[in-house]
Structures are given as structure tokens and as C-alpha cells.
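Contents: one structure, followed by commentary.
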Amino acid sequence: MKRLFVLGALVAAGSLSVAAAGLQQPAAAKVLEVEKLKDNLFVLRGGGGNVAVMVGASGVTIVDAKNPGWGQTVIDKIKELTPKPVVRIINTHTHGDHVSGNVEFPATVDVVTHENTKVNMEKMDIFKTAGGRGLPKRTFTDKLTVGNGAEQIDLYYFGRGHTNGDTFVVFTALRVAHAGDIFSGKNLPLIDTANGGSVLQIADSLQKASDGIKNVDTVIPGHNPVFPWAAVAEYASFNRDVVAWAQAQKQAGKTAEQAAAEFKAPAKYVGYSSTMGTLMGGLAGHIQRIYDGV
Ligand SMILES: [Zn+2]
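If you read the sequence shown in this note's numbering, its first letter stands for residue 685, the second for the next number, and so on.
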């Protein structure tokens with residue numbers, strides 16, 4: 685049964701020939717690294733987006749749940765940190781490297797997201813296949829508080845950016861936030877227009893987060909190591925400047941490809957990348973979305 689499932693998953697992923705060869709070998713071990721941020725707050729790295737793990741008196745809250753097939757690995761790793769069960773999953777946004785592990789947790793676990801993220805998640809095959817298991821049970825529009833005292837967690841939505849449901853999750857007593865992929869450190873952002881993202885609005889949404897969230901020292905990005913909270917304000921400014929620059933290139937009559945070839949992150953943004961991968965059309969695609977006013 686298990687072997688059939690693995691083969692099925694690999695066929696589904698489009699790598700049947702690799703799978704056929706791989707059946708003679710053990711599957712690659714799934715490895716998660718643990719970073720301890722506070723006595724009761726950890727970040728799990730590997731297998732998709734950063735997972736935050738907060739251990740509370742009555743159970744564990746996690747933020748995001750990694751790639752398909754990594755949910756049990758997350759559960760097993762948490763067992764090394766605490767005997768308490770996971771009672772709540774908060775998903776920062778709809779992407780498969782942040783939500784797919786949800787389906788491997790017990791059906792009793794509370795799942796909380798922004799209302800738009802629930803709509804986006806309901807369209808995903810992994811949740812259809814799982815009969816709806818792992819889908820959000822609770823949603824919010826602008827702000828929601830769960831837990832209290834030392835375990836208070838505030839969820840905020842400030843507008844479109846990476847998607848139309850990007851949630852900032854704040855562990856208030858610990859002064860740490862998980863921002864998901866709307867904050868990608870010192871990289872150009874991926875804007876998923878199919879899930880409501882907006883390259884024109886991401887800077888404003890980030891600025892509102894920077895202005896509206898108080899008493900946070902550290903931010904966990906969707907991927908990459910943690911940053912000081914002030915990096916969110918800088919990232920808002922970076923995105924605003926990139927949009928203004930690209931709009932000037934359009935005015936000057938350059939194609940998105942020509943502008944992409946000339947782009948350099950402004951020098952005042954120290955350590956920022958001037959390149960993007962190939963996802964969603966890469967840098968030229970990003971600039972085209974600015975040209976298109978998405
Ligand atoms: Zn994402």
C-alpha cells in the first residue's frame with residue numbers, strides 16, 4: 685500500500701522513469717533543521733517554507749506545514765521538542781510548500797487562515813484528494829487574536845501582495861512575527877496573480893504591516909533566515925522603488941525584457957539580489973506585471 689502510494693505520488697509529479705529506477709533504492713530521507721528562537725519557539729527548515737513551532741501549555745501551534753509528504757516529518761520533529769500535541773495550524777498563504785502538510789495532521793487540529801486563503805486552498809487538488817481534511821476551520825478578514833497571555837497570537841492582513849491572503853502571524857509575548865512569502869528577505873518578491881497577488885500593492889501592504897504591528901523584534905520570512913523587524917519597512921521601500929523604476933522604463937519605451945536585462949538593485953539596499961529565478965516569468969515577468977498594472 686505504502687509503496688503504491690509512493691509510486692503514485694511520483695507518477696503524479698511527472699517523474700515516472702526516476703521513480704521506476706528509484707524503487708530499488710530507499711527514498712531520500714526527509715531532514716528538518718531546527719532553529720531555536722526562544723525557549724518555546726522554533727523554526728523548522730527544509731522541505732518547503734519555514735515552519736514556526738510555538739509550544740504552549742495546552743498544545744503546540746505551528747505556522748505553515750511544508751511540501752506534500754512532509755507533514756509527518758514535521759510531526760515527528762516536534763515530538764523531539766515537546767510531548768505536547770499540535771492543536772493549531774496557521775497558514776500564512778495558499779502555496780503548496782506552506783499548506784500541503786496540513787492533510788497529514790489529525791482532523792481535530794484547528795486550522796486558521798485569512799478568508800481569501802481558504803478560498804484559494806479549496807481549489808487545491810491535495811485538499812480535494814484528502815476530502816477537505818486540512819482546510820481552514822476558522823478565517824479572519826483584517827485581524828484575529830487566538831490564545832491569550834503568554835500564548836497570545838495575533839493574525840493580521842494588510843492587503844494584497846504575494847497573494848490575496850498573506851497573513852502576518854505575531855507571537856506577541858515573544859516579539860516574533862512569521863510573515864510568510866510576502867516578505868522574502870532581500871529578494872524580489874514572487875507575485876502570484878492567479879491567487880490574487882499584486883505587484884503594485886505589495887509595498888503598501890508591507891508598509892501597513894510595518895506601521896501597524898508594534899513590539900516585534902524579529903521576523904521569520906517564508907524562506908531564508910530570520911531578519912530584524914525593521915527589514916520589513918526596508919522591503920516595502922525596496923518594492924516601491926522597483927515599481928517606480930520599472931514604470932520609468934516603460935515610459936522610456938523599453939520592453940520588460942530590456943528593462944530586466946538592465947535591472948540592478950539600488951545601492952542603498954545593501955545585499956539585495958538583482959536577479960530572480962524562472963518562476964512566474966522570472967524578472968521580466970515581474971516587470972511585465974508592473975507594466976500591466978497588476
Ligand atoms: Zn508562496
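Cβ atoms here follow ideal geometry from the backbone N, Cα and C, with glycine treated the same way.
Just so we're clear, the structure is a prediction, and the values are computed from it rather than from any experiment.
So what does DSSP say about residue i, is it helix, strand or coil?
| i | result |
| --- | --- |
| Lys827 | strand |
| Thr959 | coil |
| Tyr953 | coil |
| Ala736 | strand |
| Phe726 | strand |
| Val967 | A small fix is needed here, since residue 967 is Leu in this sequence, not Val. If DSSP states are grouped into helix, strand and coil, Leu967 belongs with the helices. |
| Val927 | helix |
| Phe947 | coil |
| Ala936 | coil |
| Ala920 | helix |
| Leu707 | Caution is warranted here: a pLDDT of 49 is assigned to Leu707, below 50, making its placement in the model unreliable, and no coordinate value can be reported. |
State yes or no: is the C-beta of residue i nearer than 8 Å to some heavy atom of ligand 1?
| i | result |
| --- | --- |
| Gly864 | yes |
| Thr847 | yes |
| Leu884 | no |
| His782 | yes |
| Gly733 | yes |
| Leu874 | yes |
| Gly1012 | Since the first and last residues shown for the chain are 685 and 978, residue 1012 lies out of range. |
| His777 | yes |
| Gly906 | yes |
Per DSSP, residue i is paired with what?
| i | result |
| --- | --- |
| Lys720 | Phe726 |
| Gly822 | In the sequence as presented, Gly is not what sits at residue 822; that position holds Arg. Answer is Val796. |
| Val747 | Ala736, Ile774 |
Does residue i pass the burial test, meaning 16 or more other C-beta atoms within 10 Å, or should it be called exposed?
| i | result |
| --- | --- |
| Val910 | buried |
| Ser957 | exposed |
| Val916 | buried |
| Leu874 | buried |
| Leu707 | Annotation note: pLDDT 49 at Leu707 (below 50); position unreliable, coordinate value reported separately. It is exposed - the Cβ of Leu707 has fewer than 16 other Cβ atoms within 10 Å. |
| Ala943 | buried |
| Thr977 | Here residue 977 turns out to be Gly, not Thr, going by the sequence shown. With fewer than 16 other Cβ atoms within 10 Å, it is exposed. |
| Pro752 | buried |
| Ala705 | Residue confidence is low: Ala705 scores 43 on pLDDT, short of 50, so the model does not pin down where it sits. Its coordinate-derived value is still stated next. Ala705 comes out exposed. |
| Lys761 | buried |
| Val747 | buried |
| Lys750 | buried |
| Ser784 | buried |
| Gln972 | buried |
| Ala861 | buried |
| Ala720 | Here residue 720 is Lys; the residue named in the question, Ala, does not match the sequence. Exposed, because fewer than 16 other Cβ atoms sit within 10 Å of the Cβ of Lys720. |
Exercise for the section: Could I get the ranges of all uninterrupted alpha helix (DSSP H) runs contained in the segment 833 to 916, with 4 residues as the minimum, in chain order? Expected result: Fully enclosed alpha helix (DSSP H) runs of 4 or longer: 886 to 896.
Practice task
Return the chain-ordered ranges of every alpha helix (DSSP H) run that is complete within the segment 756 to 816 and spans a minimum of 4 residues.
Solution key: Within the segment 756 to 816, the complete alpha helix (DSSP H) runs of at least 4 residues fall at 780 to 783, 799 to 806, 809 to 813.
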